[in-house]
Structures are given as structure tokens and as C-alpha cells.
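Enquirer: According to my numbering, the sequence shown holds residues 384 to 821 in order.
Before I ask anything, here is the structure I am working with.
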Amino acid sequence: MFAVSWGDEHEGAETRVDGADFGARIAGSDVCELGALFVELDAERRRVEARLAVVIGEVDRRGLYAVDGHATVKGWCRASAKWSTTEAVSSLRVARLMHASAEVADAALSGAIGVSQLRLLARAFANPRCGTQLVDVITLLLEHAQQLSFDDFALVMRRWEMLADTDGAHRDAEAVHRDRHASMSEHDGVFDVHAQGGVAQGVTIHEVFQRYVDAEFATDWAETVALHGAAACAALMPRTPAQRRYDAFHKIFLDAVSTPAGTQAPDPVVNIITTLDVIEDAIRASAGDGGDGGSADASGRPRQNHDPRWWRAETINGVPVSPQDILAAALIGHIRRVVVDSAGVIIDLGRKRRLFTGSQRDAVLMGSSRCIWPGCDQPSGRCQADHINEWQHDGVTNIANAAPLCPRHNRWKARGYNVARDAHGYWHTVRPDGTELG
Ligand SMILES: [Zn+2]
């Protein structure tokens, strides 16, 4: 731990530090001091954000905004501190959640959870169909808000909202699918393609598209390495990522016309991950159950696993798929059962090999939607199944000894970093000097 004192800890007008003075102070600081300062300032920002929400909540509940003729507390915020409406709405939601849950209020006021995480929780709480259920799982969600990366926490919140609000998610998915459309047009020498539709078809389209984009990347990279050798880097590649995506799109159409008529094209493999109770809910909902859709189990559902972190209904890269879409996919596609334990660790398939391949590799990558290195956002579909305990150090090749790491972090890990998963399923990355990263 690094402790840095920046003075000015007393409160009042004189805490205003001159910009140039502050700039001069930090100019001489090393990365440890700046890191400690960053964390310290963020903690202060969290506490300030929570206190602002408390003030706004108080003004809202007591109707005090009506002074000066404001119709809502939002108008009062806009007038008092020139806030945007978005800012006022977001803070008001936080205020309502903090008022409904003492646990959230404590965590927010002590600076334990991030500003963005608090806003996500508050937005879910504001959902009129399922928001009040949030309080039932708030202890777990607060823990995840502190332990998981923001992206992973956002994914947990999307899962929770989709599965708690089965009716809403189903209606949304149906409406989007019904309104699907695609168009191609040419205007003033610009060719434009626009398409929009549901996730069920979208994941297949995306999977095919991604394969083509990867192939274009491989072509560019091979060319760059041939030309520049060890100096090859992304900046020297002949096309930009955007250009490669367009060329990949074009190539899909070329391949389509070059396929002989009547040929059965292989189905792309799309991995959708879900838990058994999600499928069971979807079956009950589609069977009618009195015609009220999924609402029979929308509140107080007896889920086998009460932690929303393990409620999964998504593609391998974390794109949420509604339970009804999963059911449809299960009827026309193949299902592969992957067994996980109570901490979400996929259980060993039993066979030991030198390399993670085939279903074992897939199972490792399905364990997380992203590279597990703190701060990394590479989707697990682009990761490698890496040995936690290196193979040359007697690490066995089974799923419990594996983590999805992107190629970059796979190489970083070899510098003496240690990656481990604790009993609760949280990943930890430890530096060579024994301190923890992130
Ligand atoms: Zn990574």
C-alpha cells in the first residue's frame, strides 16, 4: 500500500487548490504516488456522489423543490447547479435506491462502491416491472460491484434484469424480431447498408462476420510481418480495422455466390450458455401457465442458484439472449451440457491432455465472458485457455487449472504473475512481488 498526503484535507473554501499548483505537484510524482492519488480522489468522488444523492432525495421527498416554481426535483437541480436532465435523473434514481436500502446507503456513503456501479444498480431499481426485487439480492450485488470489473458487473446486472423481468425481456425481444429490417441503398456515390433485428439471428450473423474479420486481420498481419519483420505493429498494417470489417462484409457476399447451388453450407457454431432453471422457466412460460407468460415465476422464483452472477443466458462473448430465444435455439440446434460447481467453476471433464483443445478448451472459455486479467476487455472467444499452474511446473491439463487469457496477458503472466480463482469464483492476479493487481 502506498500512502500519499496531499494536504488540504481540511474542508472549506481554502481547499481550492490552484490548477497550476496542483499540476506542479503531480508533475514530479511517480506512478505509485499517482496511482494512490487516483484511488484517493475516486473514493472522495464516490462519497460526494452519494451525499449529493442524499440531498436530492431529501428535497424530492419533502417537495422542497416547489419553491421558485419548479415542478420536479430535476428542475431544481437544473436551476441550482446547472445540471443536465440526465445527471439529475441518474442522481434521483440513486437517491431512491439509497432510501429503499440501508445497505446501499452505507456502501455508497462510505465510498465502497464506484459511481458507475451505483448508477447501474439504481437504474435497475427504477425498472417498474422488477426493480423492487433488487433489494432481495442486494447483498450479493453490492459484493459483485466491489469485486468484479465494471464490465463484468454490468453483465451481471443485464442478466439479472433480463431474468427478473422475463416478461419485459421477452416482449422486447419479440418486438425487435417482428420489426427486423434490412436495406441497401446508393446515394451520391456512397453505398449504405443498414440492418436491425433480434439477437437470436444476430448472434449467428455476428459469429460469421467475426470469422471473416479475423481472416482479414490474419491476411494483413502476415503481410505486415513479411514486410517489416520484428518491427511489425498494428500501425504498419495496410488497412484500418474499419476497412477490414467492410472488406470482410464484402467477402461474405462473394463467398455466397461462389458456393455451388444446392450445396449445404456448414452451420456456424454459436455457443449459448445458460443454466437449467432458465430453460425450465422458458418452457413453463411458453406452455402458457394460465396465459400469464413468465410472470408466474417473475417474483420470488425458486432459482437453484440465488446469486445473479451465475444466472446465465448469453453467448460466449456475453451478448444476452432471452430465455425464449434460447429455447428456440435448443429445439433446432444442439445442446451441450457443461456442469459448474457452486462457485461457477466448470467441473473437470476428466481427460488430461497437454493442450486445451476441443470441448475442454470451449469449457474454459465459457467460464468467463472476457480475459480474466484485471482491466482487460478482450472477449473470451479471442482468448486462449491458459494453464493457471504452468504445465512445466506439474500443472495438470484439466478445467479447474485453466483460465481464459488473451494472447497479450498470456505472455504477461509468464513474467512471474500468478492467476488464481478463490472459493467464491473471483479471479485474483498477483504480481511477482506478491501484491495484488486491480
Ligand atoms: Zn487480456
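Ideal Cβ positions, reconstructed from N, Cα and C, are used throughout, including at glycine.
Only a predicted model underlies this, so the values are computations on that prediction, with no experimental measurement involved.
By a C-beta neighbour count over all protein chains shown, 10 Å radius and 16 as the cutoff for buried, is CYS513 buried or exposed?
Expert: One-based indexing of the sequence shown puts residue 513 at position 130. Buried.
Enquirer: For a test of the three-state rule: what should DSSP assign to ASN700, helix, strand or coil?
Expert: Residue 700 sits at position 317 when you count from the first residue of the sequence shown. Three-state DSSP puts ASN700 in coil, outside helix and strand.
Enquirer: From which residue to which residue does the alpha helix (DSSP H) around SER473 run?
Expert: In the sequence shown, counting from the first residue as 1, residue 473 sits at position 90. Segment 468-483, the alpha helix (DSSP H) holding SER473.
Enquirer: ASP769 by DSSP, collapsed to three states: which one?
Expert: By 1-based counting over the sequence shown, the position of residue 769 is 386. Looking at ASP769 - three-state DSSP - the assignment turns out to be strand.
Enquirer: According to DSSP, is HIS807 helix, strand or coil?
Expert: Position 424 of the sequence shown, counted from the first residue, corresponds to residue 807. HIS807: coil per DSSP, three-state reduction.
Enquirer: Going by the DSSP bridge assignment, what does LEU820 pair with across the sheet?
Expert: Start at 1 with the first residue of the sequence shown, and residue 820 comes out as number 437. Answer is THR812.
Enquirer: Considering only the beta carbon of each residue, do ARG594 and GLY580 sit closer than 7 Å?
Expert: Taking the first residue of the sequence shown as 1, we reach residue 594 at position 211. Taking the first residue of the sequence shown as 1, we reach residue 580 at position 197. Cβ distance not < 7 Å, so ARG594 and GLY580 don't count as in contact.
Enquirer: By the DSSP assignment, the alpha helix (DSSP H) with GLN530 in it spans what residues?
Expert: The residue given as residue 530 occupies position 147 in the sequence shown. Looking at the DSSP string, the run of the alpha helix (DSSP H) that includes GLN530 is 521-530.
Enquirer: Whose CA, out of ASP603, ASP638, THR623, THR549, lies closest to the CA of PRO703?
Expert: Locating residue 703 in the sequence shown gives position 320, where the first residue counts as 1. It is THR549.
Enquirer: Whether or not the stretch 783-795 and the stretch 754-767 are in contact is what I'm after, with contact meaning three or more pairs of Cβ atoms, one per stretch, closer than 8 Å; do they touch?
Expert: Yes, the stretch 754-767 touches the stretch 783-795.
Enquirer: Using CA coordinates, which residue listed in GLU590, ILE521, ALA601, VAL608 is at the minimum distance from ILE635?
Expert: One-based indexing of the sequence shown puts residue 635 at position 252. Among GLU590, ILE521, ALA601, VAL608, the Cα nearest to that of ILE635 belongs to GLU590.
Enquirer: Any heavy atom of ligand 1 closer than 6 Å to the Cβ of CYS754?
Expert: Sequence index remark: in the sequence shown, residue 754 carries index 371 (1-based). Within the cutoff, so yes.
Enquirer: Would you mind reading off the limits of the beta strand (DSSP E) that contains LEU637?
Expert: Locating residue 637 in the sequence shown gives position 254, where the first residue counts as 1. Per DSSP, LEU637 belongs to no beta strand (DSSP E); it is in the alpha helix (DSSP H), 624-641.
Enquirer: Quick check on this structure: which residue in THR602, GLU486, ARG794, ARG561 has the alpha carbon closest to the alpha carbon of ALA433?
Expert: Reading the sequence shown from its first residue, position 50 is the one you call residue 433. The candidate whose alpha carbon is nearest that of ALA433 is GLU486.
Enquirer: Would the C-beta of HIS792 count as close to ligand 1, meaning under 6 Å from any of its heavy atoms?
Expert: For the purposes of this step, residue 792 is identified with residue 409 of the sequence shown, where counting begins at 1. For ligand 1, at least one heavy atom lies less than 6 Å from the Cβ of HIS792.
Enquirer: For GLY733, does the count of other Cβ atoms within 10 angstroms reach 16, so buried, or fall short, so exposed?
Expert: As a first step, residue 733 must be located in the sequence shown, where it is residue number 350. With a pLDDT of only 34 at GLY733, under 50, the local geometry of the prediction cannot be trusted, and no value is derived from it.
Enquirer: Is DSSP giving VAL802 helix, strand or coil here?
Expert: Taking the first residue of the sequence shown as 1, we reach residue 802 at position 419. Here VAL802 sits in strand by DSSP.
Enquirer: Among the residues of its own chain, which have a CB less than 7 Å from the CB of PHE510, if the five just before and after it don't count?
Expert: Within the sequence shown, numbered from 1, the residue matching residue 510 stands at position 127. A small correction: the amino acid at residue 510 is Asn; Phe does not occupy that position in the sequence shown. Excluding residues within five positions, the ones whose Cβ falls inside 7 Å are GLU544, ASP548.
Enquirer: Within the same chain, show all residues whose beta-carbon is closer than 7 Å to that of GLY821, passing over the 5 residues directly before and after it, in chain order.
Expert: The residue given as residue 821 occupies position 438 in the sequence shown. Only PRO757, GLY758, THR812 meet the Cβ criterion.
Enquirer: Kindly confirm or deny that the stretch 449-469 and the stretch 521-539 touch, where touching means at least three C-beta pairs closer than 8 Å.
Expert: Counting Cβ pairs under 8 Å, fewer than three are found: no touch.
Enquirer: Determine the extent of the alpha helix (DSSP H) in which ASP443 is found, giving its start and end residues.
Expert: By 1-based counting over the sequence shown, the position of residue 443 is 60. First-last of the alpha helix (DSSP H) with ASP443: 414-444.
Enquirer: What's the gap between the Cα of GLN761 and the Cα of VAL450?
Expert: Counted from its first residue, the sequence shown places residue 761 at position 378. Counted from its first residue, the sequence shown places residue 450 at position 67. In a straight line, the C-alpha of GLN761 is about 51 Å away from that of VAL450.
Enquirer: If we count Cβ pairs, one from each stretch, closer than 8 Å, do we get three or more for the stretch 466-479 versus the stretch 404-411?
Expert: These segments do not touch.
Enquirer: Measure the C-alpha to C-alpha separation of SER568 and HIS453 and round it to an integer number of angstroms.
Expert: Counting from 1 along the sequence shown, the entry for residue 568 is found at position 185. Counting from 1 along the sequence shown, the entry for residue 453 is found at position 70. For SER568 and HIS453, the distance between alpha carbons rounds to 48 Å.
Enquirer: Select from ASP575, THR607, ALA556 the residue whose C-alpha is nearest the C-alpha of GLY585.
Expert: As a position in the sequence shown, residue 585 is number 202, starting the count at 1. GLY585 has its Cα closest to that of ALA556, out of ASP575, THR607, ALA556.
Enquirer: May I ask which residues mark the beginning and end of the alpha helix (DSSP H) holding MET620?
Expert: In the sequence shown, counting from the first residue as 1, residue 620 sits at position 237. Here MET620 belongs to no alpha helix (DSSP H), and DSSP marks it neither H nor E.
Enquirer: Between which two residues does the beta strand (DSSP E) carrying THR646 extend?
Expert: For the purposes of this step, residue 646 is identified with residue 263 of the sequence shown, where counting begins at 1. Careful: THR646 lies outside any beta strand (DSSP E) and carries neither H nor E.
Enquirer: Is GLN767 near ligand 1, going by C-beta to nearest heavy atom under 6 Å?
Expert: Reading the sequence shown from its first residue, position 384 is the one you call residue 767. Incorrect: GLN767 has no Cβ contact closer than 6 Å to ligand 1.
Enquirer: Of all the options LEU619, LEU447, VAL576, which has the alpha carbon lying nearest to the alpha carbon of PHE632?
Expert: For the purposes of this step, residue 632 is taken as residue 249 along the sequence shown, with counting starting at 1. Comparing Cα-Cα distances from PHE632 to each of LEU619, LEU447, VAL576, the minimum goes to VAL576.
Enquirer: Residues in the same chain with beta-carbon distance under 8 Å from ILE709, minus the five sequence neighbours each way, listed in chain order, please.
Expert: On the sequence shown, residue 709 is found 326 positions in, with the first residue counted as 1. Answer for ILE709: ILE655, THR657, VAL661, ILE662, ALA665, ALA696, listed in chain order.
Enquirer: Do VAL498 and ALA436 have their C-beta atoms within less than 7 Å of each other?
Expert: In the sequence shown, the residue the question calls residue 498 occupies position 115. In the sequence shown, the residue the question calls residue 436 occupies position 53. Cβ atoms of VAL498 and ALA436: not closer than 7 Å.
Enquirer: Helix, strand or coil, according to DSSP, for VAL573 in the structure here?
Expert: Taking the first residue of the sequence shown as position 1, residue 573 is located at position 190. Reduced to three states, the DSSP call for VAL573 is strand.
Enquirer: Give the range of the alpha helix (DSSP H) segment to which ALA454 is assigned.
Expert: Here residue 454 refers to the residue found at position 71 of the sequence shown. Segment: none, ALA454 is in no alpha helix (DSSP H) and carries neither H nor E.
Enquirer: Since ALA578 contacts ALA565 with CB under 8 Å, what's their CB separation in whole angstroms?
Expert: Residue mapping note: residue 578 aligns to position 195 of the sequence shown, counting from 1. Residue mapping note: residue 565 aligns to position 182 of the sequence shown, counting from 1. With 8 Å as the limit, ALA578 and ALA565 qualify as a contact, their Cβ atoms being about 4 Å apart.
Enquirer: Just how far apart, CA to CA, sit ILE521 and ALA617?
Expert: Numbered from its first residue, the sequence shown carries residue 521 at position 138. Numbered from its first residue, the sequence shown carries residue 617 at position 234. The alpha-carbon atoms of ILE521 and ALA617 are separated by roughly 43 Å.
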